[in-house]
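Take a look at the structure set out below.
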Amino acid sequence: MKKIYYLTFLTLLILTACQEQEVSPKIMQDNHNILTHTENIALKKHNELRQLHFTDANLIYSQSLEKAAQRHANQLAKNGNFTHDSTNLANKYGENLYRFSGTEKPNLTSIIQKWYDEKKYYNDTTEECKIGHVCGHYTQIVWKNSKHLGCASAKYIKGSYKNGYVTVCKYYPYGNIMGQDPY
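Per the UniProt record's numbering, the sequence shown starts with residue 1, numbered consecutively.
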């Protein structure tokens, strides 16, 4: 009788271990839990701002998204451009961009705060942005269904922002879906 219970238990254990695990497309569990100083700044500031709206939707930092952000930042800096990554939609990535012409390295806390400050133009009731203003950076930061974050910067080597910097933050899954509430 003990053998039957043992075999049943063992079978259930094996079946449970073999079940397909749900993994988000293009986002794999990162191999380490220790964040660099810059990663920690990006994550802390985003979550601090998100907690002003809800307490149960902290982002998780993703080195995979950071690599994608770095690739795009490098491409923008190399070409002197300032455009969103054409692969975002296919990868379900949201993206915030920031550029400046100063020679100082990017202050990530200030950049994230500037994106968030678009809140003053966003009407929570109508879910619309005041005409003539931008709110998409703000809504992407607070988009409750976005779960992962990765940020990177690069120095422009060409174009009107030469020697300035571009900062890219990517989010998964993307936000700013028409007809959906960011909160």
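Quick reminder that beta carbons are idealized off the backbone N, C-alpha and C, glycines included.
Which residues bound the beta strand (DSSP E) around residue i?
i	result
N176	Counting along the chain, N176 falls outside any beta strand (DSSP E), and DSSP gives it neither H nor E.
E95	94-100
L44	Here residue 44 turns out to be Lys, not Leu, going by the sequence shown. Careful: K44 lies outside any beta strand (DSSP E), inside the alpha helix (DSSP H) at 37-50.
G150	148-155
Can the beta-carbon of residue i be found less than 8 Å from the beta-carbon of residue j?
i	j	result
Y174	K120	no
L77	V166	According to the sequence as given, residue 77 is Ala; it is not Leu. Yes, these two residues count as a Cβ contact at 8 Å.
E118	K170	no
K144	Y183	yes
Y138	Y156	no
residue 188	G132	Nothing can be reported for residue 188, as the shown portion of the chain is limited to 1 through 183.
How is the alpha helix (DSSP H) around residue i delimited, first residue to last?
i	result
L89	88-91
N74	63-79
G136	136-142
L59	From DSSP, L59 is part of no alpha helix (DSSP H); its letter is neither H nor E.
I111	108-116
Go ahead and label residue i buried or exposed: buried means 16 or more other beta carbons lie within 10 angstroms of its beta carbon, across all protein chains shown.
i	result
T125	exposed
I177	exposed
V134	exposed
I111	buried
L97	buried
P153	Note on residue identity: the sequence assigns Ser, not Pro, to residue 153. S153 comes out buried.
E104	exposed
Y6	Since pLDDT at Y6 reaches only 36, below the 50 mark, its modelled position is unreliable, and the value read off the structure follows with that caveat. With fewer than 16 other Cβ atoms within 10 Å, it is exposed.
Just checking my contact of residue i with residue j at CB under 8 Å: how many whole Å lie between their CB atoms?
i	j	result
A73	V168	4 Å
H46	L65	Contact flag wrong, Cβ pair sits at about 12 Å.
R99	Y161	5 Å
In whole angstroms, give me the CA-to-CA distance for residue i and residue j.
i	j	result
Q51	C129	21 Å
K44	G136	20 Å
K37	P106	For the sequence presented, residue 37 should be read as His rather than Lys. If you take the alpha carbons of H37 and P106, they lie about 14 Å apart.
T83	L35	28 Å
G80	G164	10 Å
D56	D181	16 Å
T87	T109	26 Å
L49	Y172	17 Å
Is there a Cβ from chain C that is less than 8 Å from the Cβ of residue i?
i	result
K114	Judged by its chain identifiers, the structure shown contains no chain C, having just a single protein chain.
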